[in-house]
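What follows is one structure encoded as structure tokens, with my remarks underneath.
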Amino acid sequence: MGMDDEFEKARTWVEKEYNLSEHCNEVSLFETNIRILGGFLSAF
127 MGMDDEFEKA RTWVEKEYNL SEHCNEVSLF ETNIRILGGF LSAF
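Each residue of the sequence shown is one higher than the one before, counting from 127 in the numbering used here.
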């Protein structure tokens with residue numbers, strides 16, 4: 127799709143800025159995992 131720059135920017139943000147512990151407050155581990163995995167698969 128030619129969105130290499132956007133993908134790299136998002137990957138870098140996730141690597142450096144995203145902290146799962148800030149966003150999880152009694153959230154289902156299964157739901158969190160499938161949503162994160164789905165997002166990564168979509169980005170790929």
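We put the beta carbon where it would ideally sit given N, CA and C, even for glycine.
For clarity, every value in this text was computed on a predicted model and none was experimentally measured.
Separation of N159 and W139 (C-alpha to C-alpha, rounded to the nearest whole angstrom) is 18 Å.
In the three-state reduction of the DSSP assignment, S168 falls in the helix class. E132: member of the alpha helix (DSSP H) spanning 130 to 142, first to last residue.
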